[in-house]
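Start counting at 1 in the sequence shown, then tack on 86, and there's your number in my numbering. Ideal Cβ positions, reconstructed from N, Cα and C, are used throughout, including at glycine. What follows is a short report on a single structure.
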Amino acid sequence: METAIGLCLGLAAVGAGIGNGLVVGRTIEGIARQPEAKGMLQTQMFIGLGLVEALPVISVAIGLILFATR
């Protein structure tokens, strides 16, 4: 069971890292193409980062529930 909890947390962290990299990378590309859209792109980037970061938070909650019920 501990392996499943660790796997759950580890995969969520890896997924969030990849997702954050993609979101920020695309935002930088967009700002490089259209500097006048910087404010709008940054706002959308922060919303996207918040959604991507929700996955590890939910994963930690699930991991703690699994750990507490074993």
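| Query | Result |
| --- | --- |
| Please return the same chain residues whose Cβ sits closer than 8 Å to the Cβ of I148, not counting the five positions on each side in sequence. | C94 |
| With a Cβ-Cβ cutoff of 8 Å, do L135 and N106 count as a contact? | yes |
| Rounded to a whole number of angstroms, what is the C-alpha to C-alpha distance between V143 and Q130? | 20 Å |
| Answer yes or no: do M87 and L150 have a C-beta to C-beta separation smaller than 8 Å? | no |
| Could you tell me how far apart the beta carbons of K124 and I117 are, in whole angstroms, since I believe they sit closer than 8 Å? | 5 Å |
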